[in-house]
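Right, dumping it as structure tokens:
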């Protein structure tokens, strides 16, 4: 009897970031992959460059907790957050490349409380935090509400790009809840890989830059998506298995021929936007235009230390009050 051996590999990515080493795998009885829409066995696909392929527009957002607050004076104190978030698009081949960038600020309180708006004075004009609704009671729900607000703003950017006629929109993260064949979600580090069969895992481990997996139908939250894996960079000696991969998803109402064409476009074009590890510790998944977009959006959020000082000064002068 031959005993299988394993090797221990170190993940070069800093521990502050998500790692494929922490991903779990679907059980064979979960049926996460509903069907593969390409004929033939599961095998790496190396497509030829697609003629007249559209240039991508990359959509992302950033978020920040500016300060914790507590609504007090009538029974149990209610926890809350002052938050800032932003979203926008980096459009390849267009001038200006940065489009539809916007910043929003909100005051979130638990238990469905609708607080007043908070306004503070800054050197370049007033900064306003508008009330946001959060019906849940636990403090953890505040962060969930923040993520929902950011996702909603990102979806607005996608809709604006669709209205302009964009043909390939790559959203950093899961696909927003909208149905259009131009929009893709790019999941950089899936926490749960929708594969379990050894032959599927072997194909993913063998993918090299410019290759993709077959396109398959996947269920998520009772909704079907077309999904596939793209290899953004060929793994090096230190890299973990699957470390060069990103998973893409799109609306399953898209015609299958169109889905396969878009899958080929992503496999042949996205690796060109993958950064090297010395440039970005989240390489290769944090694509260069996305990194540029994130930096610009964070700049638009403003200096966090200065904003916190302004908030403390404002609350020292006048404590916001309201009658729930």
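Residue numbers (the working numbering): 2 to 325.
All residues carry an ideal CB built from backbone N, CA and C; glycine is no exception.
For residue i, three-class secondary structure by DSSP
i, result
"residue 316", "helix"
"residue 74", "coil"
"residue 186", "strand"
"residue 101", "strand"
"residue 1", "Because the chain is modelled from 2 through 325, residue 1 falls outside the range shown and cannot be assessed."
"residue 267", "helix"
"residue 113", "coil"
"residue 31", "Note that residue 31 scores 37 on pLDDT, short of 50, meaning its location in the model is unreliable; the coordinates nonetheless yield the value given after this. Correct three-state label for residue 31: coil."
"residue 334", "Past the boundaries of the shown model lies residue 334; the chain is included only from 2 to 325, so the question cannot be answered."
"residue 47", "coil"
"residue 163", "helix"
"residue 292", "helix"
"residue 16", "coil"
"residue 259", "helix"
"residue 209", "coil"
"residue 37", "strand"
"residue 233", "coil"
"residue 85", "strand"
"residue 252", "strand"
"residue 309", "helix"
"residue 195", "coil"
"residue 326", "For the chain, the structure presents residues 2 to 325; residue 326 sits outside this window and is missing."
"residue 55", "coil"
Whole-Å CB distance - residue i paired with residue j, under 8 Å assumed
i, j, result
"residue 150", "residue 133", "6 Å"
"residue 227", "residue 265", "Actually they are not in contact, since the Cβ atoms of residue 227 and residue 265 sit about 13 Å apart, beyond 8 Å."
"residue 90", "residue 162", "6 Å"
"residue 275", "residue 234", "5 Å"
"residue 45", "residue 269", "Going by Cβ atoms, the distance from residue 45 to residue 269 rounds to 14 Å, so no, they are not a contact pair."
Buried or exposed (CB count within 10 angstroms, at least 16 for buried), residue i
i, result
"residue 166", "exposed"
"residue 146", "buried"
"residue 159", "buried"
"residue 300", "exposed"
"residue 238", "exposed"
"residue 139", "exposed"
"residue 30", "Reliability of the predicted coordinates at residue 30 is poor, the pLDDT of 36 falling under 50, and the value obtained from them is presented with this limitation in mind. Looking at its Cβ environment, which holds fewer than 16 other Cβ atoms inside 10 Å, residue 30 is exposed."
"residue 69", "exposed"
"residue 310", "exposed"
"residue 255", "buried"
"residue 267", "buried"
Neighbourhood of residue i by C-beta, 6 Å cutoff - its chain only, sequence neighbours within 5 removed
i, result
"residue 172", "60 and 186"
"residue 322", "none"
"residue 120", "127 and 129"
Neighbourhood of residue i by C-beta, 7 Å cutoff - its chain only, sequence neighbours within 5 removed
i, result
"residue 72", "78, 79, 81, 110, 114 and 116"
"residue 18", "282 and 283"
"residue 257", "38"
"residue 55", "168 and 169"
"residue 278", "13 and 284"
"residue 272", "210, 211, 233 and 234"
Start-to-end residues for the alpha helix (DSSP H) that takes in residue i
i, result
"residue 282", "Segment: none, residue 282 is in no alpha helix (DSSP H) and carries neither H nor E."
Close beta carbons around residue i, own chain, < 8 Å, minus the five adjacent residues each side
i, result
"residue 188", "174, 175, 247, 248, 249 and 250"
"residue 131", "105, 106, 107, 108 and 118"
"residue 259", "182"
Unbroken beta strand (DSSP E) run spanning residue i, endpoints
i, result
"residue 176", "Note, residue 176: premise wrong, no beta strand (DSSP E); not H, not E."
"residue 131", "126–133"
"residue 221", "217–221"
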